[in-house]
Amino acid sequence: MAAFRFEFLLELATDAREREAKLLQAAQAAEQGARDRLTQIQHYCDEYRRRLTQSGQNGISVVQFRDYQLFLGKLDDATRQQSAEVVRLVAERDAALARFVECEKKLKAYEALKVRHGKQQDRLELVREQKLLDEFNSRRR
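Below is the structure:
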C-alpha cells in the first residue's frame, strides 16, 4: 500500500488546529475575565452611588460630596476603560475563532484526501488480488 503523500501536511494541520484551539480558549477566558471585571466595577459603582444617595439624605458636607463625585468620576473612567477592553478582547476572540475555523477546514480537507487515498488503495489492492486470482485460475486449466 502506498503511503499517503500528504501525511506530513495532515500532521501540520492537526498541530495548527490544536494550537489555534488553545489560543481560542485563552481568548475566550480573557474575554470572560474582562466581562467579569466590568460587572464588578459596575456593581461597585452602583453601590457607591447608592451610598452617596443615602449619605445625601442624612446630610453630607461639601467636601465629602466632592470626594464622592471625584471617586464616582474615577469609577466611570474605569468602567469606560474596561468596556473598551471587553470590546478589544471580543475582537481578539472573534479573530481567534476565525483562525481556528480556517485550520479546521484545512484539516478536514486533508482528512478527506486521506480517506479518498485509502479507498483508492483498497480498490487497487482488490484489482491486484483479482488479477492474481485470474492468473492462478488460467494456469490451472
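In terms of our numbering, the sequence shown opens at residue 32 and continues consecutively.
Using N, Cα and C, we set each Cβ at its ideal position, and we do this for glycine too.
Keep in mind that this is a model prediction, so the values were computed, not measured.
By how many angstroms is the C-alpha of Leu-40 removed from the C-alpha of Gln-71? By 1-based counting over the sequence shown, the position of residue 71 is 40. By 1-based counting over the sequence shown, the position of residue 40 is 9. Rounded to whole angstroms, Gln-71 to Leu-40 spans 46 Å at the Cα level.
Do Cys-76 and Leu-101 come within 8 Å of each other at the CB atom, strictly closer than that value? As a first step, residue 101 must be located in the sequence shown, where it is residue number 70. As a first step, residue 76 must be located in the sequence shown, where it is residue number 45. No, these two residues do not count as a Cβ contact at 8 Å.
Buried/exposed call for Arg-48, threshold 16 Cβ in 10 Å: Stepping through the sequence shown from its first residue, residue 48 is reached at position 17. When all chains shown are included, Arg-48 counts as buried.
Please report the distance separating the alpha-carbon of Ser-169 from that of Arg-36. In the sequence shown, counting from the first residue as 1, residue 169 sits at position 138. In the sequence shown, counting from the first residue as 1, residue 36 sits at position 5. The C-alpha of Arg-36 is placed about 36 Å away from the C-alpha of Ser-169.
Please say whether Ala-127 and Leu-55 have beta carbons closer to each other than 8 Å? For the purposes of this step, residue 55 is taken as residue 24 along the sequence shown, with counting starting at 1. For the purposes of this step, residue 127 is taken as residue 96 along the sequence shown, with counting starting at 1. Closer than 8 Å, so yes.
Between which two residues does the alpha helix (DSSP H) containing Arg-154 stretch? Numbered from 1 along the sequence shown, position 123 holds the residue referred to as residue 154. Start and end: 93-171.
Taking all protein chains shown into account, decide if Leu-163 is buried (16 or more other Cβ within 10 angstroms of its Cβ) or exposed. Within the sequence shown, numbered from 1, the residue matching residue 163 stands at position 132. Exposed.
Within 10 Å of its beta-carbon, does Glu-166 have 16 or more other beta-carbons around it, so buried, or fewer, so exposed? Sequence index remark: in the sequence shown, residue 166 carries index 135 (1-based). Result: exposed.
Can you list, in chain order, the residues of its chain whose CB lies under 7 Å from that of His-148, leaving out five sequence neighbours each side? Here residue 148 corresponds to residue number 117 of the sequence shown, with the count starting at 1. Taken in chain order, the residues that qualify are Phe-35.
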